[in-house]
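Contents: one structure, followed by commentary.
Numbering (my numbering), first residue to last: 13 to 285.
Dropping the structure here:
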């Protein structure tokens, strides 16, 4: 089978007993960076020296068939450099192809920068969306934030310390200066820091420079930040996708806190104009 295994995102003490056992018993490991895997084995005091296969963004498509064939006759452990494979890391295409080939897939759960940041951000956790890495270019980032302006769920992003100040400024301009957010830096490491505040406050704070690995968590839009016009656009989109008007109005009302009756009436009126 294929075994997806989460590795520490900073603190080696977060390596689970199951992970250590799997690393000790593995005969084949497919990993994002084989050098990082070798360092992990040494750091955990594991003497086992399995066959290491590089599996990264540039070769995953071509390497997956080889790994799947191996997994048909023996266990193959799959690692990313830190955290859970497939989550903004290599592994998705391998899992997709393995599932199609009927190869069993299991997981050794563990550290995740997404869930860790969400837990400490101090923002709603009942519903959230993970948006991965933000685009490098400001224009593309602005478009992403503009598309997410009406998103009511808490949003989680990965970002480089070199661009976090610019990204916060773009988010402030598109989502509103008072939108609450948190910058989670160096999670689980010695210099872990969680800076909470409005996007305007965080953009000012980051202007002097921020170091370390960054996870950005931004609160979703609320009734206070959404207008009836915003809600109407979402209702019209759902209706265009095939949903009945009454159901679309109900869904948007539940997601945003806007009035279902006002959304329904506004949608009816828009049809008559």
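No residue lacks a Cβ here, since even glycine has one placed at the ideal position from N, Cα and C.
So, residue 215 versus residue 184, is the Cβ gap smaller than 9 Å? Going by C-beta atoms, residue 215 is nearer than 9 Å to residue 184.
Can you check which of these residues, 88, 76, 133, is closest to residue 112 by C-alpha distance? Relative to the Cα of residue 112, the nearest Cα in the group 88, 76, 133 belongs to 76.
Whole-Å CB distance - residue 229 paired with residue 166, under 8 Å assumed: Residue 229 to residue 166, Cβ: 6 Å. Contact.
What residue does the alpha helix (DSSP H) around residue 64 start on, and which one ends it? Not the alpha helix (DSSP H): residue 64 falls in the beta strand (DSSP E), residues 63-66.
In three-state terms, what does DSSP make of residue 194? Note: residue 194 maps to strand in three-state DSSP.
Can you give me the C-alpha to C-alpha distance between residue 30 and residue 123, rounded to a whole angstrom? Going by the C-alpha atoms only, they are around 13 Å apart.
Same chain, Cβ closer than 7 Å to residue 181, five either side skipped, listed in chain order: Sequence-distant Cβ neighbours of residue 181 in its own chain, meaning closer than 7 Å and more than five residues away, are 215.
State the start and end residues of the unbroken alpha helix (DSSP H) segment that holds residue 211. Segment 211-218, the alpha helix (DSSP H) holding residue 211.
Exposure of residue 137, with buried meaning 16 or more beta-carbon neighbours within 10 Å: With fewer than 16 other Cβ atoms within 10 Å, it is exposed.
Specify whether the segment 133-151 and the segment 167-180 touch according to this definition: at least 3 beta carbon pairs, one from each stretch, less than 8 Å apart. Contact holds: three or more Cβ-Cβ distances are below 8 Å.
Burial state of residue 78 (16 or more Cβ within 10 Å): Residue 78 sits exposed, since fewer than 16 C-beta atoms from the chains shown fall within 10 Å of its C-beta.
So for residue 115, helix, strand or coil by DSSP? In the structure shown, the three-state DSSP call for residue 115 is coil.
Looking at the structure shown, is residue 15 part of a helix, part of a strand, or coil, going by DSSP? DSSP places residue 15 within a strand segment (E or B) once states are collapsed to three.
Can you grab the Cα-Cα spacing for the pair residue 204 / residue 255, in whole Å? Residue 204 and residue 255 have their C-alpha atoms spaced approximately 45 Å apart.
Give the range of the alpha helix (DSSP H) segment to which residue 78 is assigned. Counting along the chain, the alpha helix (DSSP H) containing residue 78 begins and ends at 72-83.
Residues that residue 272 bridges to, as DSSP identifies them: Residue 272 pairs with nothing; no bridge assigned.
Buried or exposed for residue 158, please, with buried defined as at least 16 other CB atoms from any protein chain shown within 10 angstroms of its CB. Classification of residue 158: exposed, given that the 10 Å Cβ count is below 16.
Local conformation of residue 95 per DSSP, three classes: It is a strand residue.
Here's a check: name, in chain order, each residue in its chain whose Cβ is nearer than 6 Å to the Cβ of residue 262, leaving out the five neighbours to either side. For residue 262, where only same-chain residues beyond five positions count, the Cβ hits under 6 Å are 272.
Can you give me the start and stop residues for the beta strand (DSSP E) that residue 43 sits inside? Start and end: 40-43.
Given this structure, state the Cα-to-Cα distance separating residue 88 from residue 49, to the nearest angstrom. Rounded to the nearest angstrom, the two C-alpha atoms are 14 Å apart.
Where does residue 89 fall in DSSP's three states? Note: residue 89 maps to strand in three-state DSSP.
Residue range of the alpha helix (DSSP H) that residue 127 falls in? Looking at the DSSP string, the run of the alpha helix (DSSP H) that includes residue 127 is 125-132.
Residue 5: first and last residue of the uninterrupted alpha helix (DSSP H) it sits in: Nothing can be reported for residue 5: it is not among the residues displayed for the chain, which extend from 13 to 285.
Can you tell me whether residue 229 is helix, strand or coil according to DSSP? Strand at residue 229.
Which residue's Cα is closest to the Cα of residue 202: 17, 14, 16, 21? Of 17, 14, 16, 21, the residue nearest in Cα terms is 21.
Along the beta strand (DSSP E) that carries residue 246, what are the first and last residues, could you check? That residue, residue 246, is in no beta strand (DSSP E); its alpha helix (DSSP H) goes 240-252.
How about residue 129 and residue 52: do their beta carbons lie closer than 9 Å? With respect to the 9 Å criterion, residue 129 and residue 52 are not classified as neighbours on the basis of their beta carbons.
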